[in-house]
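First comes the structure, then the notes that go with it.
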Amino acid sequence: MRVRIIPRSPGTPQAQMSVITRFAPSPTGMLHIGGVRTALFSWLWARHNGGRFILRVEDTDRERSTGEAVRVILEGMKWLGLDYDEGPYFQTQRFDRYREVIAGLIERGLAYRCYCTKDELETMRAAQLARKEKPRYDGRCRERREPRAGVEPVIRFRNPQDGDVLVEDLVHGRVTFRNRELDDLIIARPDGTPTYNFCVVVDDADMKVTDVIRGDDHLNNTPRQINMLRALGAPLPRYAHVPMILGADGAKLSKRHGAVSVLQYDEDGYLPDALLNYLVRLGWSHGDQEVFTREEMIAKFDINDVNKAASAFNPEKLLWLNQQHMMRSDPQRLVPYLEAQLARLGVQGAAPDLLTGIVRAQRERVKTLKEMASASRFFFADSMELDPVVAAKHLTGEARALLGVLRERLAALGEWTAPALHATLEAFARERGLGLGKVAQPLRVALCGGTVSPPIDVTVALLGRERTLARIAAQTGQSLRPIGAGTRHGWAEFDIISGALGR
RNA sequence: GCUCCCUUCGUCUAGAGGCCCAGGACAUAGCCCUCUCAAGGCUGUAACACGGGUUCGAAUCCCGUAGGGAGCGCCA
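Reading the first sequence from the start, the letters are residues 1066 to 1568 in the numbering used here.
Have a look at this one:
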């Protein structure tokens, strides 16, 4: 359901302000796809409007923040190509600023020192819960003047007690909160360090953020933040609370379903654009279009069109999109990704032309670059393995004899190209009254070690003359060396030989 | 417990009162193509959470109910 209000939050006079968005992750857990989608929406909205995008790391929880999580955020953004115009800012480096603002609030009576102990607050909460009330601070220190011996006070914001706060949300429409439901939240701990809701408000105001796009778990925080923004005399941003992403099972995103570091998707062989494409379609759509380039996303994305309901993560569709992006992109562009995946399998230094050829041949038959790498190992001599069961079925005595003759024919072939090879193979089969399959399949097994590969002509062309002839020879006894038919030992020996011949 | 939010095929979604006995996509089933595997093409199965209203007419507007989620921290 679309929300068509284009709100200018009350008290926001500025007319043509350009859009400034920010992504504000906290480094207490790994950046996962939930966070990435929020980042994506913020980034898209800024880029769509020709505005600015800021990265701000909310690391005020010094106990739980980790350097590793910060690293994942930074590297993840880089891998995804979500570039920022400002930042990364770190809240821990802005403590002086927060202290200054807090002092100002206290001075103006908009914040006050609270001497209640944690135990007292706990008792109060328990009593409220017992009365079936919403637990909230009762304001007992609101008018207190005197310090309490032995207690370092916290600072609380003096929230208005009457009236309503209206949130004009870009995705939810107007949401009303009663101030009487809110309480005086703590904005600084006894040691003076500020708390989350306060830092957000100061930062968003200082950084002149115009559009706050974040998970809808923050919707409940918004009225408090609006009250603080007003106390600070700052203009209100627009808000867009986007729905959360659920695991594939419909439950909250867990480690089992997608709540892994975003960098894992790189390792697993996904293209950043495919991941982004998948994520943008969670909660947003543009007619019936499923596949978007980065440029199309920027051109067509509109935060006003984002859905309100949470959506479940569907790994299958991600896979499909990844393949779509592989098939549509320039093969050259995929080469570095394929190289990285091959390196993980121990294959290095492959010729660029071969890699481009492999991409062209494989991308429509694999879902990820990782799969592409493992399905292409046989192109590299020292990775060839023959499945004994497959060999027994396809490399019969008859088949080997056939391959022996074929080898001579191929050896005599002048032009080693897919079309020439295709013509040769077809003619060879026809002469013998065989279907192409009767020739192609044994050949495929002899060359690849398995029953699956790109079209046989393409496979043979990419494999090259030397390796092709050597591998056939290994199966027909045409080799000079005795080779144990398909045993590990035999192949290892063969590999060394053809490795020298290949390339 | 209180407050706020959400609800169309298994999943992602289209849908702004008649264009909808609900369209697209993934997945799934069948067929076609075919040297394997794919890709591609065609066809099929499959949804408006429920109940009341409003209206000539409701997936769409209103009110309830149920289910789900979030918040109520000296976490972010």
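Where a beta carbon is used, it is the ideal one built from N, C-alpha and C, also for glycine.
No experiment lies behind these values; they were computed from the predicted model shown.
Residue from the options whose Cα sits closest to the Cα of residue i
{"i": "Trp1144", "options": "Arg1121, Pro1337, Ala1466 and Pro1225", "result": "Pro1337"}
{"i": "Arg1127", "options": "Asp1150, Arg1121, Thr1093 and Tyr1154", "result": "Thr1093"}
{"i": "Val1216", "options": "Glu1360, Arg1254, Asp1282 and Ile1119", "result": "Arg1254"}
{"i": "His1237", "options": "Pro1308, Glu1123 and Val1424", "result": "Pro1308"}
{"i": "Trp1110", "options": "Val1135, Ile1368 and Val1431", "result": "Ile1368"}
{"i": "Ile1085", "options": "Phe1106, Gly1099, Gly1100 and Arg1245", "result": "Phe1106"}
{"i": "Val1517", "options": "Arg1295, Glu1436, Gly1334 and His1487", "result": "Glu1436"}
{"i": "Gly1091", "options": "Val1230, Asn1262, Gly1204 and Pro1200", "result": "For clarity, residue 1091 is Ser in the given sequence; the question names Gly instead. Closest by alpha carbon: Asn1262."}
{"i": "Pro1212", "options": "Cys1179, His1113, Ala1375 and Gln1329", "result": "Cys1179"}
{"i": "Leu1147", "options": "Leu1120, Asp1370 and Arg1162", "result": "Leu1120"}
{"i": "Asp1370", "options": "Asp1234, Trp1349, Glu1355 and Thr1358", "result": "Trp1349"}
{"i": "Glu1531", "options": "Leu1235, Ala1464, Asp1353 and Arg1472", "result": "Arg1472"}
{"i": "Ala1538", "options": "Asp1227, Lys1458, Val1327 and Pro1507", "result": "Pro1507"}
{"i": "Ala1377", "options": "Val1345, Tyr1149 and Thr1258", "result": "Val1345"}
{"i": "Glu1520", "options": "Glu1450, Gln1540 and Glu1429", "result": "Looking at the sequence provided, one finds Pro at residue 1520 rather than Glu. With distances taken between Cα atoms, Pro1520 lies closest to Glu1429."}
{"i": "Tyr1177", "options": "Val1232, Ile1251 and Asp1234", "result": "Ile1251"}
{"i": "Ala1374", "options": "Gly1352, Ser1394 and Leu1311", "result": "Leu1311"}
{"i": "His1487", "options": "Gly1498, Arg1497, Ala1457 and Ala1526", "result": "Ala1526"}
{"i": "Asp1281", "options": "Ala1457, Ala1305 and Glu1496", "result": "Ala1305"}
{"i": "Met1391", "options": "Pro1417, Gly1334 and Asp1353", "result": "Gly1334"}
{"i": "Leu1499", "options": "Val1510, Ala1464, Arg1536 and Trp1481", "result": "Ala1464"}
{"i": "Asp1418", "options": "Asp1256, Phe1444, Pro1259 and Thr1260", "result": "Phe1444"}
{"i": "Leu1284", "options": "Val1274, Asp1256, Asp1276 and Asp1234", "result": "Asp1234"}
{"i": "Leu1021", "options": "Ala1408, Val1356 and Gly1414", "result": "Here the chain has residues from 1066 to 1568 only, and residue 1021 is not among them."}
{"i": "Val1510", "options": "Leu1501, Arg1129 and Lys1458", "result": "Lys1458"}
{"i": "Arg1409", "options": "Arg1207, Ser1439 and Pro1200", "result": "Ser1439"}
{"i": "Arg1102", "options": "Ile1278, Val1504 and Ser1441", "result": "Ile1278"}
{"i": "Arg1295", "options": "Arg1497, Lys1382 and Leu1231", "result": "Leu1231"}
{"i": "Val1265", "options": "Val1122, Leu1528, Gln1406 and Leu1347", "result": "Val1122"}
{"i": "Gly1152", "options": "Arg1087, Ala1316 and Gln1226", "result": "Arg1087"}
Unbroken alpha helix (DSSP H) run spanning residue i, endpoints
{"i": "Thr1086", "result": "First-last for Thr1086: Ile1085 to Phe1088, but that is the beta strand (DSSP E), not the alpha helix (DSSP H)."}
{"i": "Glu1429", "result": "Unbroken run through Glu1429: none, as it is neither H nor E."}
{"i": "His1459", "result": "Pro1453 to His1459"}
{"i": "Leu1468", "result": "Gly1462 to Ala1476"}
{"i": "Thr1241", "result": "Premise fails: Thr1241 lies in the beta strand (DSSP E), Gly1238 to Arg1243, not in any alpha helix (DSSP H)."}
{"i": "Ala1416", "result": "Careful: Ala1416 lies outside any alpha helix (DSSP H) and carries neither H nor E."}
{"i": "Gln1290", "result": "Thr1287 to Leu1297"}
{"i": "Gly1169", "result": "Phe1160 to Glu1172"}
{"i": "Phe1106", "result": "Ile1098 to His1113"}
{"i": "Gly1141", "result": "Gly1132 to Leu1145"}
{"i": "Arg1190", "result": "Lys1183 to Ala1195"}
{"i": "Leu1284", "result": "Premise fails: Leu1284 is in no alpha helix (DSSP H) and is neither H nor E."}
Contact belief for residue i with residue j at Cβ below 8 Å, rounded distance in angstroms
{"i": "Thr1452", "j": "Gly1515", "result": "It is Asp, not Thr, that sits at residue 1452 in the sequence shown. The pair is a contact, with the Cβ atoms about 6 Å apart (cut-off 8 Å)."}
{"i": "Leu1475", "j": "Leu1512", "result": "With a Cβ gap of about 11 Å, Leu1475 and Leu1512 do not count as contacting."}
{"i": "Pro1380", "j": "Thr1421", "result": "Actually they do not touch by this definition, with Cβ atoms about 29 Å apart."}
{"i": "Val1325", "j": "Met1142", "result": "Incorrect: roughly 16 Å between the Cβ atoms, too far for contact."}
{"i": "Gly1115", "j": "Ser1083", "result": "7 Å"}
{"i": "Ala1492", "j": "Val1523", "result": "The pair is not a contact, with the Cβ atoms about 18 Å apart (cut-off 8 Å)."}
{"i": "Gln1540", "j": "Leu1478", "result": "Not a contact, Cβ separation roughly 19 Å."}
{"i": "Phe1118", "j": "Tyr1149", "result": "5 Å"}
{"i": "Leu1384", "j": "Val1137", "result": "Wrong, their Cβ atoms sit about 23 Å apart, outside the cutoff."}
{"i": "Tyr1330", "j": "Leu1341", "result": "Contact flag wrong, Cβ pair sits at about 10 Å."}
{"i": "Thr1125", "j": "Thr1258", "result": "7 Å"}
{"i": "Leu1318", "j": "Gly1502", "result": "Incorrect: roughly 47 Å between the Cβ atoms, too far for contact."}
{"i": "Gln1406", "j": "Leu1434", "result": "5 Å"}
{"i": "Ala1505", "j": "Leu1490", "result": "7 Å"}
{"i": "Arg1205", "j": "Cys1181", "result": "7 Å"}
Element boundaries [beta strand (DSSP E), containing residue i]
{"i": "Leu1655", "result": "Because the chain here runs from 1066 to 1568, residue 1655 falls outside it and cannot be looked at."}
{"i": "Tyr1177", "result": "Ala1176 to Cys1179"}
{"i": "Val1274", "result": "No beta strand (DSSP E) contains Val1274, which DSSP labels as neither H nor E."}
{"i": "Phe1155", "result": "Glu1151 to Phe1155"}
Exercise. Tell me, please, whether the region 1394-1405 touches the region 1360-1367 by the rule of three or more beta-carbon pairs shorter than 8 Å.
Key: no
Self-check item: Inside the region 1305-1371 only - alpha helix (DSSP H) runs reaching at least 4 residues
Solution: 1328-1332, 1337-1345 and 1359-1365
Practice problem: Output the residue ranges of the alpha helix (DSSP H) runs that lie fully inside the region 1497-1535 and measure 4 residues or longer, sorted by chain position. | Solution: 1501-1513 and 1521-1528
Quiz item: Taking three-plus beta-carbon pairs below 8 Å as touching, is the region 1242-1252 in contact with the region 1287-1298?
Solution: yes
Quiz item: Can we say the region 1183-1194 touches the region 1144-1158, given the rule of at least three CB pairs closer than 8 Å?
Solution: no
Quiz item: For the 8 Å Cβ check, are there 3 or more pairs between the region 1166-1185 and the region 1216-1235?
Solution: yes
Quiz item: Do three or more CB pairs link the region 1292-1302 to the region 1265-1279 at distances below 8 Å?
Solution: yes
Quiz prompt | Runs of beta strand (DSSP E) wholly within the region 1197-1251 (minimum 3 residues, chain order) | solution = 1219-1222, 1229-1234 and 1238-1243
Quiz item: Which ranges would you report for the alpha helix (DSSP H) in the region 1365-1413 if only whole runs of at least 4 residues count?
Solution: 1380-1393 and 1396-1409
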